[in-house]
Structures are given as structure tokens and as C-alpha cells.
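Student: Can you read through this structure? Questions will come right after.
Residue numbers (the working numbering), protein chains in the order written: chain C, 388 to 796; chain S, 2 to 380.
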């Protein structure tokens with residue numbers, strides 16, 4: 388049976404969200420990323436791309452290229468909220484939905500025909516429903532596997548829909564440069580170019596044994612399969628993910644304890660949001676910290692029970708940070724990360740004696756209904772152990788503070 | 002210094018004090034057992050700075066000492082000595098010659114002047130508690146604490162000891178269950194109130210140390226950040242955890258009206274069986290009871306193992322229907338440490354804490370014990 392995999396890729400996602408939320412920005416070059424001295428572009432709108440701005444570019448360079456651009460810090464919780472809507476929309480067509488990042492998702496449509504009609508029709512439906520219902524532009528690729536689906540959506544950008552039927556695979560692949568293939572990096576591409584191989588068609592002409600002698604058995608075989616558009620990797624739903632994590636490279640080294648703690652709380656809230664969105668509980672909490680001298684340390688804790696309680700996760704993250712900071716020796720913090728592992732579907736919830744579920748539900752409910760930051764946990768220094776949850780609930784109309792630096796788009 | 006003592010007495014003293022030997026530490030002296038003369042013979046002492054254990058050993062002593070031997074070496078050696086009555090220890094030139102029957106060992110020593118002097122309790126004791134009930138109190142609470150690997154915050158890894166109104170209350174929790182034991186104590190000054198947090202692992206060690214001691218009572222002294230426990234020839238001192246234990250009285254349910262009166266052994270065995278088919282992630286078992294029936298259905302199910310059902314009879318009908326889930330392990334942990342033939346599990350709602358306590362003819366070892374367990378909410 389032919390597999391049908393759909394790849395949905397939002398166009399300039401962060402920038403498009405900013406344009407959606409602030410219509411005055413429509414049609415203007417919008418650049419989202421770290422605004423500090425070491426900041427990097429996370430996303431540039433198509434208007435900004437015409438000036439040569441692209442993601443991963445240093446922000447200072449982007450400002451030179453596009454001095455009239457609108458430069459904004461990312462609002463991850465808002466992106467996450469819209470990402471959740473996109474996720475739930477595509478989930479109506481298949482239970483097998485794998486989010487790759489906030490703005491990219493694979494959907495396995497194999498065998499959904501009886502319920503939802505032919506995959507091509509579903510792809511067209513998704514392609515038109517996303518802009519209509521979420522208000523954001525997207526590109527959609529539909530193909531017999533993930534590799535080809537991603538190539539298809541890429542070919543459809545911006546705003547298009549591209550279907551690759553099994554009989555079209557060869558014709559589609561042959562003219563592409565080898566770098567277009569998922570998993571061929573600049574190094575491999577250079578090595579291939581030095582042997583006169585530039586296009587996928589060129590690569591198809593190379594015998595498997597020769598590829599193996601050039602690249603070793605593993606990569607050699609992989610390249611042979613890539614060249615033919617062969618890929619049998621499954622679409623793995625998020626609830627089967629092994630861990631969730633959120634990292635933040637700080638625009639500049641941070642020394643103030645309160646500021647480090649505030650960033651940690653922000654990251655914990657983000658990763659908690661993803662945990663709740665995916666319907667999971669976590670048993671292991673990790674905190675990663677990179678010092679200004681680039682040495683990197685990770686500490687983790689295994690909790691007595693799996694949980695999705697923000698208060699308990701914040702408490703664990705705070706303990707781990709305190710332990711990492713014990714070896715601070717005057718250094719600043721360059722990168723912080725919070726990870727959750729030991730994930731299990733939230734089909735049950737162990738209730739805690741000292742951390743009531745109600746407050747957590749309230750925060751989550753408010754976030755889902757009114758957007759991020761509808762309720763903010765007022766937090767301060769160490770709180771007494773009998774209440775892992777901060778005492779104050781502060782209403783706020785603002786989004787999260789801009790504590791998020793550049794992140795991979 | 003020369004010491005002549007009974008082999009059994011030496012074995013006892015070394016075994017007791019070796020519980021306080023420091024493990025791999027940057028201070029080798031903490032791996033030593035100090036032997037020095039005292040009015041009753043010799044005193045053996047060891048400490049890892051968290052705790053210190055001293056034990057009196059009857060002996061004939063010449064000279065003063067002290068001398069510090071490698072604790073692990075001494076501990077291994079004394080348990081394997083030939084079965085003769087008497088042991089002689091003689092200190093000469095930085096070594097200790099141990100003679101027992103035909104066995105002769107010259108053991109290296111550590112620098113006695115580096116041995117940290119354990120604090121000695123002074124003044125009046127705080128109170129006295131029958132040793133057996135104190136040990137039972139530790140058994141029924143320390144298990145409920147959070148493991149040190151589950152937190153870096155120490156408050157919940159401790160057992161809270163609350164002295165008030167002529168009683169000692171021991172309490173321990175991991176956040177999901179809470180064990181409380183109330184013990185009658187003697188000699189607590191009128192109006193005295195004091196709360197001390199002791200690491201649960203150290204308290205377990207204390208119970209192991211005191212279990213073989215022949216003494217009616219344990220005498221407790223309190224002194225500047227330490228507690229001392231004295232029973233028979235043993236004095237055990239521990240540092241206190243300087244953290245705030247949660248207000249546990251607040252979470253004890255007071256008005257749970259649905260009482261399940263269960264035969265303890267049968268309930269325990271049923272849980273141990275039904276736990277097998279519970280899901281690995283939650284370990285949840287369901288309890289289901291109809292108000293008019295005198296039996297509770299205990300069951301579990303998991304996608305990859307199957308399911309199990311069992312009925313456990315109740316002494317009387319609970320009057321109301323209820324369905325609730327608990328982690329089997331948490332109920333088993335408490336039930337297996339109880340002694341009464343009947344227990345009562347008091348419930349109110351599926352998302353409210355249950356209260357487990359001894360019922361019917363309460364066994365002496367269960368007096369003053371209650372256990373609070375949070376349910377698992379199934380979604």
C-alpha cells in the first residue's frame with residue numbers, strides 16, 4: 388500500500404504571527420529574533436527576505452541589510468498557542484501527527500481515505516483551512532514518505548501545495564541539488580562535488596558499492612536510498628517522544644541571580660506548556676547551563692511520581708539550578724535549558740498532598756482561553772515547602788516578558 | 002594501652018559503631034573506630050560528621066589510649082575471629098596487636114588526635130521513650146519520606162519529630178503519602194514544645210543500631226542542632242536537617258465519612274496480587290464499593306498485561322458508593338508495617354485524600370499510627 392505523508396510548513400511563522408496580531412505590520416519587513424548584541428534572526432518575513440535577511444543571520448547584519456525593518460523579540464507562548472491550534476486542526480485527519488517544531492508538522496494520511504477522502508483532497512483542505520481558520524500562510528507537501536513530503540512542501544513555498552505521486556518521484560528528484568536532500572550537509576555536499584556530483588540525478592548514477600567505499604557502509608547506503616527518494620521512517624506522535632526541552636541562548640551573559648531564575652521560570656513554563664499540550668506527564672526534570680567560559684553542565688532529578696504540575700516542575704527546576712549555581716565561581720550564564728523526560732501519557736494524574744491540582748488547572752485553562760500570560764504566577768525567592776506553588780496569582784494582560792533569545796526556527 | 006575483653010562484646014561494639022563509618026571521604030580519619038578508656042571499660046566511637054555512634058564495651062584496660070583502628074578492617078576481622086572467649090588488643094608503636102586464640106594481627110592505626118571529638122550530651126534529657134515503641138515509630142514513618150535521589154531539597158527527606166503535650170509525633174511524607182505516629186513519652190517538661198527534623202536514612206540507621214540493644218528505654222537529649230539517643234551501652238548522635246517541614250496536620254483529612262473496614266492481611270495480599278496487572282507508569286489499583294455491600298472490589302488493568310479483579314470483604318457496609326484509585330505500592334507500604342488484624346480506610350471523594358488507620362482490636366504496635374494517601378485521578 389502506498390503511504391501518504393503530509394508535511395505542513397508554516398511560512399515565516401514567527402513573523403507571520405506578529406503580522407497577524409498587529410495588522411499594521413502586514414506587508415512590512417518583520418524580523419523576529421534576539422535583539423541583544425549577540426542576537427540571531429529566528430524568522431524573517433518574506434518582505435524582509437527580499438533584502439537578503441534570513442534566519443540564523445546575526446541580528447546586527449540584518450539591521451544593516453534592512454534598516455527600515457521591524458525588529459521584534461519572539462513571543463514563544465503565543466507561537467505555541469497557535470501551533471497547538473494548527474496541531475489540533477490537522478489531528479482531525481489522522482491520529483499520527485508528528486510536530487517537528489512549532490511551525491512544522493508531519494501527518495500520516497495512510498489509510499484515512501475511507502474516513503476523510505483521498506489524501507490529495509485532504510491536503511487541499513488543510514492547505515485552505517489553515518489560512519482561513521488560523522489566519523496564517525502555510526505550504527503543504529504530500530508524498531509517499533517524510534523525505535519527499537518535506538521536499539514537496541519546500542518546493543511549494545511560499546503558500547503553495549505540492550503533491551508528489553509515486554510515479555513522479557524520479558522526475559521530481561533528478562534536477563534537485565544534492566544539498567536539498569534531508570541529511571546531506573555542506574560537508575558531504577562538498578565531498579560529492581569534488582567527485583563531480585551536484586544533482587540528485589548525478590547521485591543516482593553512482594553505484595552503491597562506490598558510495599560505500601567513499602562514505603563507509605552506513606552513510607553510503609543512506610545516500611543511495613536518499614537519491615532514490617526512499618525513506619521508511621515513521622511519523623511519531625509527540626506523545627511517544629522521549630523528552631521535551633526548551634533552551635535559551637542569552638543575548639548577553641547574565642550574572643544576576645534573579646534574572647537567571649526568571650529565565651529558568653520562563654523556560655519551565657514553556658516546556659510545561661508543551662507537556663500539557665501533548666497530554667503527557669514527566670518523571671525526570673533536567674536543567675542545563677552553559678557558563679560564560681562555555682563549560683556546560685546538566686543536572687537532573689527523578690521525581691517520586693510523574694507530573695504535569697507547573698508548581699512541582701518549577702520547584703524541581705529551581706532546586707537543580709541552585710545545585711548548578713553552587714559551582715558558579717563568578718561566571719555568567721550564557722545558555723539555560725530545561726528538559727522533561729520519563730514521559731508518559733497523562734491518562735492518570737497522581738494527586739499531591741501539598742500542591743493542589745486546582746491552581747494548575749486554572750493557570751492552564753486561562754492560558755488556553757485568553758492566551759499566554761493571562762495569569763502569571765507571581766514568584767519570588769524560596770517559598771515554604773508546604774506550598775510548592777507560589778501563593779500569589781497575578782492577573783496580567785501582557786504576554787511573557789521578552790526573556791527569549793534566538794531559538795532555532 | 003592494653004585491652005582484654007570478651008570477643009562477643011567486642012563484636013557487638015564494633016558492629017554497632019561501624020554504622021557511623023564515613024564512606025569514601027576526603028577525611029580518612031572518619032573511616033576509623035576510636036577506642037579509649039572509660040569508667041566501664043572502653044568506649045568505641047565512629048562518626049561521619051552527620052552522625053556519631055559510641056558504644057561502651059566492658060573490658061580490663063591498662064593505659065589510657067586512645068587508639069584509632071581502620072573501621073572496615075576491624076569490622077571484617079572481628080566477625081571472623083576464632084570462637085574463643087577472649088580478645089586482647091595491645092597498642093605498640095603505631096600498631097594494634099589483636100590476639101584471639103591462635104589468630105594474631107598487627108593492625109595499622111590512624112592518628113588519634115585527628116579524630117573529631119563527638120559532642121557529649123550535657124544537662125537533663127528531654128524525655129524517655131520505651132525502646133520497642135520508638136523503634137516501631139521509626140519503622141512506621143521513615144519509609145514514607147522522599148528518597149535523597151528524588152530531590153535536592155532536604156525537607157521531605159527527613160522525619161519530623163514533634164515533641165508536645167507529653168507526646169512525640171513522628172511524620173514523614175514524599176508529597177503523595179504521609180505517615181504519622183504518635184508515641185507517649187516520659188519526662189517531657191510541662192509545656193515543652195520542640196520540633197526536630199532528622200534525615201530518614203539516619204533514623205533508619207538508628208533503628209538498626211538500637212534493635213539489638215537490650216534496654217527498656219531510649220533517652221533523648223537535645224543540644225544545639227543535634228539530637229542524642231542513648232540506650233544501654235549505645236549513644237547515637239545526629240545532626241538535624243535545617244529545613245522547614247510542611248505543616249502536615251493541615252493535610253490530614255478530618256471528615257472522611259465513608260469507612261471501609263478491611264481485614265488487613267487479606268487486603269494486603271489482594272493488593273499485592275492486583276498490583277501485578279497495574280500499569281507500570283501509575284501502579285494504580287481501583288477500589289470500588291457499593292454503599293449497601295459488604296465487599297470492596299479491588300482491580301487493575303493495563304494494556305500490555307491484562308487485568309485482575311478481587312473482592313475483599315468488609316466488616317460492615319460503608320453506606321455510600323465510591324470508586325477511587327490509589328498507587329498500590331503506597332497502600333502496601335503502610336499495610337505491611339501494621340500489626341492489627343483490621344484496618345479502616347476512610348474516604349470522601351475520588352480526588353480527596355484517603356486516611357488509613359488501625360481498627361477493631363488495635364495491636365499495641367499500631368497505637369497512634371495514621372497514614373494519609375493521595376489518590377490517582379484517572380483521566
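Glycine residues also receive a C-beta, built at the ideal position from the N, C-alpha and C atoms. All figures in this text were calculated on a predicted structure; none of them were measured in a lab.
1) Short check: CB of residue 512 of chain C to CB of residue 622 of chain C, under 7 Å?
2) How would you call residue 681 of chain C, buried or exposed, if buried means at least 16 neighbouring beta carbons within 10 angstroms?
3) Might you give, ordered along the chain, the residues of its own chain that have their beta carbon closer than 8 Å to the beta carbon of residue 714 of chain C, omitting 5 neighbours on each side?
4) For a test of the three-state rule: what should DSSP assign to residue 630 of chain C, helix, strand or coil?
5) Quick check on residue 146 of chain S: buried or exposed, where buried means 16 or more other Cβ atoms within 10 Å of its Cβ?
6) DSSP three-state call for residue 719 of chain C: helix, strand or coil?
7) Work out the CA separation of residue 707 of chain C and residue 716 of chain C for me, nearest whole Å.
8) Can you name the residues of chain S whose CB is closer than 7 Å to the CB of residue 739 of chain C?
9) Among S/244, S/373, S/98, which residue has its Cα nearest to the Cα of residue 106 of chain S?
10) Counting only runs of 3+ residues fully inside the region 5-75 of chain S, write out the beta strand (DSSP E) ranges in chain order.
11) Can you list, in chain order, the residues of its chain whose CB lies under 7 Å from that of residue 216 of chain S, leaving out five sequence neighbours each side?
12) Quick one: give me the first and last residue of the alpha helix (DSSP H) that residue 560 of chain C is part of.
13) Hey, out of C/577, C/459, C/456, whose CA is closest to residue 566 of chain C's CA?
14) If the criterion is Cβ atoms closer than 7 Å, does the pair residue 268 of chain S and residue 179 of chain S meet it?
15) Could you work out which residues of chain S lie near residue 338 of chain C, taking near to mean beta carbons separated by less than 9 Å?
16) Going along chain C, which residues have a C-beta under 9 Å from residue 11 of chain S?
17) Can you tell which of S/65, S/2, S/130, S/141 has its C-alpha closest to the C-alpha of residue 372 of chain S?
18) Could you work out which residue in C/696, C/634, C/436, C/711 is closest to residue 725 of chain C when comparing CA atoms only?
19) In the structure shown, what three-state DSSP assignment does residue 656 of chain C receive?
20) Counting only C-beta atoms, is residue 252 of chain S closer than 7 Å to chain C at any point?
21) If the cut-off is 9 Å on Cβ atoms, which residues from the region 675-689 of chain C count as contacting chain S, listed in chain order?
22) Look at residue 704 of chain C and residue 672 of chain C and say whether their C-beta atoms are less than 7 Å apart.
23) Give me, in chain order, the residues of the same chain whose beta-carbon lies closer than 7 Å to that of residue 304 of chain S; leave out the 5 immediate sequence neighbours on both sides.
24) Tell me where the alpha helix (DSSP H) around residue 446 of chain C begins and ends.
25) Closest to residue 241 of chain S by CA distance: which of S/161, S/252, S/350 is it?
26) Per DSSP, residue 385 of chain S forms a beta bridge with which residues?
27) Exposed or buried, what is residue 455 of chain C when buried is set at 16 or more other beta-carbons lying within 10 Å of its beta-carbon?
28) Going by CA-CA distance only, name the one from S/318, S/289, S/230 that's closest to residue 136 of chain S.
29) Suppose the cutoff is 6 Å on Cβ atoms and the five residues either side in sequence are ignored; what does the same chain contact list for residue 308 of chain S look like?
30) Return no unless some Cβ of chain C is closer than 7 Å to the Cβ of residue 234 of chain S.
31) Tell me, please, which residues DSSP counts as bridged to residue 493 of chain C.
32) List the whole-angstrom C-beta distance separating residue 539 of chain C from residue 528 of chain C, where the pair is believed to meet the contact cut-off of C-beta under 8 Å.
33) Using a Cβ-Cβ cut-off of 7 Å, state whether residue 270 of chain S counts as contacting chain C.
34) Just the Cα atoms here: how many angstroms apart are residue 295 of chain S and residue 259 of chain S?
35) Would you say residue 691 of chain C faces chain S, with C-beta separation under 7 Å as the test?
36) Roughly how far, in whole angstroms, is the beta-carbon of residue 70 of chain S from the beta-carbon of residue 88 of chain S, given that I think they are within contact range, below 8 Å?
Tutor: Reading it off the structure:
1) no
2) exposed
3) 684
4) strand
5) buried
6) coil
7) 17 Å
8) 176, 177, 375
9) S/98
10) 33-39, 42-48, 52-59, 61-63, 68-71
11) 132, 232, 233
12) 556-560
13) C/577
14) no
15) The shown model of chain C, from 388 to 796, leaves out residue 338 of chain C, and the question about it has no answer.
16) Per Cβ cutoff of 9 Å: no residues; residue 11 of chain S is ~42 Å from chain C at best.
17) S/141
18) C/634
19) helix
20) yes
21) 686, 688, 689
22) yes
23) none
24) 446-452
25) S/161
26) Missing from the structure shown is residue 385 of chain S; chain S here goes from 2 to 380 and no further.
27) exposed
28) S/230
29) 278, 302
30) no
31) C/394, C/485
32) 3 Å
33) no
34) 13 Å
35) yes
36) No, residue 70 of chain S and residue 88 of chain S are not in contact; Cβ-Cβ is about 13 Å, not under 8 Å.
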